[in-house]
Amino acid sequence: INENLLEQLPMFDDDDDDDEFSDFDKSYQDKIKQIVDFIVSSFAFRIFGILLIFVDVYLVVSDLIFAERHMRIPLEYRISSLAIALFFVMDILLQIYVVGFIHLFRPLRLITLIRLFHLAYQKRHLERLTRRMVSGNKRRYTKDGFDLDLTYITERIIAMSFPSSGKQSFYRNPIQEVARFLDLKHENHYQVYNLCSERSYDPKYFHNRIHRIMIDDHNVPTLKEMVVFSKEANAWMAQDSKNIIVIHCKGGKGRTGTMVCACLLACGTFLTAEESLYFFGQRRTDKSKSSKFQGVETPSQSRYVRYFEKVKSDYKWDLPPRQNFIIKKFIIYSIHGNGTDLKLHIVMHQKTVFSSSSNNCRIFHDIETDRVIFIIGNCPVLYDDVKVQFFSADLPKYYDNCCFFFWFHTSFIKNYRLTLPRNQLDNPHKQKTWKIYRPDFAVEVYFDET
């Protein structure tokens with residue numbers, strides 16, 4: 001008898017404990033529900049919700065007016081509408097927690113349910129608006145259900161911004177959409193050229209038809225890369241009349257425009273660099289949105305398009321004969337200060353081959369002529385593509401993390417001198433820098449044979 005009692009005793013105690021915990025758990029949940037119910041049923045919460053409905057109606061009407069007049073909808077409007085939608089989603093979830101699904105479809109709550117479905121629409125709309133704001137007034141492809149920062153420069157040459165995934169696809173071309181577009185419009189007849197040195201993606205999206213040319217942002221391809229690319233692209237398009245090329249960098253403007261112009265010159269669409277540069281800018285710019293120019297603006301990039309024109313016309317599409325030089329001196333005109341704050345680097349083949357110091361560079365300030373002279377000692381032999389960068393702790397940095405810079409190719413140096421006024425120097429060409437770099441600001445480079 002005692003053994004039976006002992007066996008039943010723990011069973012009795014466990015059940016009793018479970019009931020106590022269950023009662024405690026239910027009591028705790030009931031208290032939470034009471035608090036939530038008090039909040040969502042309060043007069044202030046309901047009035048706030050009604051006010052948000054009126055605000056959202058105003059936003060919807062504004063959306064229709066903006067769309068009808070082809071005006072840009074402010075981003076603040078979209079963010080506000082998305083926030084309102086999120087509020088009503090929270091309202092629905094809290095009420096489901098309190099009363100369950102059975103009361104969800106009461107007439108007064110139908111509005112919040114509609115807002116739940118509207119949330120997905122608002123998210124897509126906000127993404128589309130953000131992409132348009134990032135692309136600015138670049139011409140977009142908005143047909144057949146697509147909305148991409150993508151422009152047909154010609155029927156067989158496409159320029160676009162970077163095809164992105166993850167968070168970046170929120171404000172740039174989603175790579176899945178770009179792939180869907182190309183497979184739908186040009187299946188098995190396209191080659192994609194990624195000009196970004198700073199980012200890449202899985203080539204499988206485009207069936208491994210990807211070619212990479214590593215160009216730094218706001219910089220130039222080598223002249224050899226331009227020649228190889230243009231011949232390759234021209235050969236691809238010659239294989240089949242349906243074959244096209246798709247060229248992109250990050251924004252689909254500077255580096256992309258440089259290579260597009262090379263291709264236009266290579267295939268004979270235009271004979272001069274100026275014509276190709278103008279045409280690209282006109283095609284890439286949507287003037288119905290803004291007059292801002294969306295063509296090639298960086299002076300070194302335009303300079304290299306002009307180099308390529310000479311390659312095509314004077315050297316029969318081959319590289320010009322190599323010329324070797326050393327730099328004797330730089331003269332900088334109309335610069336603030338005496339120039340002692342400036343440091344210079346010379347870059348060749350992606351390596352810094354010269355850095356100025358007190359041992360290899362003497363600086364003279366000519367007050368009467370308002371110029372600074374850099375006498376260079378022990379300059380290495382320079383050939384082909386060369387970049388010169390100037391740095392200063394006293395001047396703001398812009399593109400390429402320096403004050404100003406420029407590219408040149410030694411094969412096009414004439415009379416041992418290169419003169420670059422303000423509008424031909426990278427960074428000073430931008431109007432926002434003109435408080436620092438005056439109209440007569442210029443750089444002269446003096447060369448000597450090796």
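If you count by UniProt numbering, then the sequence shown holds residues 1 to 450, one letter each, in order. Backbone N, C-alpha and C define an ideal beta-carbon position, used for all residues, glycine too.
Check                                                                                                                                                           : Outcome
Does DSSP put Ile-413 in a helix, in a strand, or in coil?                                                                                                      : coil
According to DSSP, what are the bridge partners of Glu-444?                                                                                                     : Ile-331 and Thr-419
By how many angstroms is the C-alpha of Val-296 removed from the C-alpha of Leu-265?                                                                            : 15 Å
By Cβ distance, which residues of its chain are closer than 6 Å to Asn-338, with the 5 residues on each side in sequence left out?                              : His-365
Rank Pro-428, Pro-163 and Leu-418 by C-alpha distance to the C-alpha of Asp-400 and give the top, closest one.                                                  : Pro-428
Expressed to the nearest angstrom, what Euclidean distance is found between the alpha-carbon atoms of Pro-396 and Cys-402?                                      : 8 Å
Indicate whether Thr-269 and Tyr-304 have their beta-carbon atoms separated by less than 8 Å.                                                                   : no
Anyone know if the C-beta pair for Val-57 and Gln-95 falls short of 8 Å?                                                                                        : no
Do Leu-184 and His-248 count as a contact pair if the criterion is CB distance below 8 Å?                                                                       : no
Could you have a look at Val-381 and say whether DSSP puts it in helix, strand or coil?                                                                         : coil
May I have the straight-line CA-CA distance separating His-189 from Asp-384, to the nearest angstrom?                                                           : 35 Å
Taking the alpha carbon of Lys-138 as the point to measure from, which residue in Ile-413, Thr-256 and Ile-327 has its own alpha carbon closest?                : Thr-256
Starting from Cys-196 and walking both ways along the alpha helix (DSSP H), at which residues does that stretch end?                                            : Element bounds for Cys-196: not the alpha helix (DSSP H) but the beta strand (DSSP E), 190-196.
Reducing DSSP to helix, strand and coil, say where Ser-27 ends up.                                                                                              : helix
When the Cα atoms are used, what is the spatial distance from Ile-50 to Val-98?                                                                                 : 20 Å
What distance in whole Å lies between the Cβ atoms of Ile-363 and Val-353, which are believed to be in contact at a cut-off of 8 Å?                             : So it is not a contact: roughly 20 Å between Cβ atoms.
My output table needs one value for Leu-150: the three-state DSSP class, helix, strand or coil.                                                                 : strand
Could you check the C-alpha separation between Ser-230 and Ser-288 for me, to the nearest Å?                                                                    : 32 Å
Taking C-alpha atoms, which residue in His-207, Asp-216, Gly-251 and Ser-197 lies nearest to Arg-172?                                                           : Gly-251
Start and end of the alpha helix (DSSP H) containing Asp-183?                                                                                                   : 175-186
Among Ser-334, Gln-350 and Ile-376, which one has its Cα closest to the Cα of Asn-359?                                                                          : Ile-376
For Leu-271, name the three-state secondary structure that DSSP assigns.                                                                                        : coil
Determine, using beta carbons only, whether Phe-441 and Ser-334 come nearer to each other than 8 Å.                                                             : yes
Measuring only between beta-carbons, confirm whether Ile-332 sits less than 8 Å from chain B.                                                                   : Protein chains in the displayed structure number just one, and chain B is not present.
Would you say the segment 316-324 touches the segment 418-426, given that touching needs at least three Cβ pairs under 8 Å?                                     : no
So what does Tyr-141 bridge to, in DSSP terms?                                                                                                                  : Leu-148
Tell me the residue span of the beta strand (DSSP E) that contains Thr-256.                                                                                     : Thr-256 -> not in any beta strand (DSSP E); alpha helix (DSSP H) instead, spanning 254-266.
Among Ile-331, Gly-254 and Arg-284, which one has its Cα closest to the Cα of Tyr-152?                                                                          : Arg-284
I need the DSSP call for Ala-159, collapsed to helix, strand or coil.                                                                                           : strand
Going by other Cβ atoms of all chains shown within 10 Å of its Cβ, with 16 needed for buried, is Ala-238 buried or exposed?                                     : exposed
Answer yes or no: do Phe-447 and Lys-351 have a C-beta to C-beta separation smaller than 8 Å?                                                                   : no
Spatial neighbours of Asp-216 within its chain, please: C-beta separation below 8 Å, excluding the five flanking residues on both sides.                        : Ser-197, Glu-198 and Asp-400
What does the alpha-carbon distance come out to for the pair Ile-210 and Leu-342?                                                                               : 41 Å
Since I believe Leu-52 is in contact with Ile-84 (beta carbons under 8 Å), could you give me their beta-carbon distance rounded to a whole number of angstroms? : 5 Å
Buried or exposed for Lys-414, please, with buried defined as at least 16 other CB atoms from any protein chain shown within 10 angstroms of its CB.            : exposed
Express the C-alpha separation of Phe-406 and Glu-232 in angstroms, rounding to a whole number.                                                                 : 28 Å
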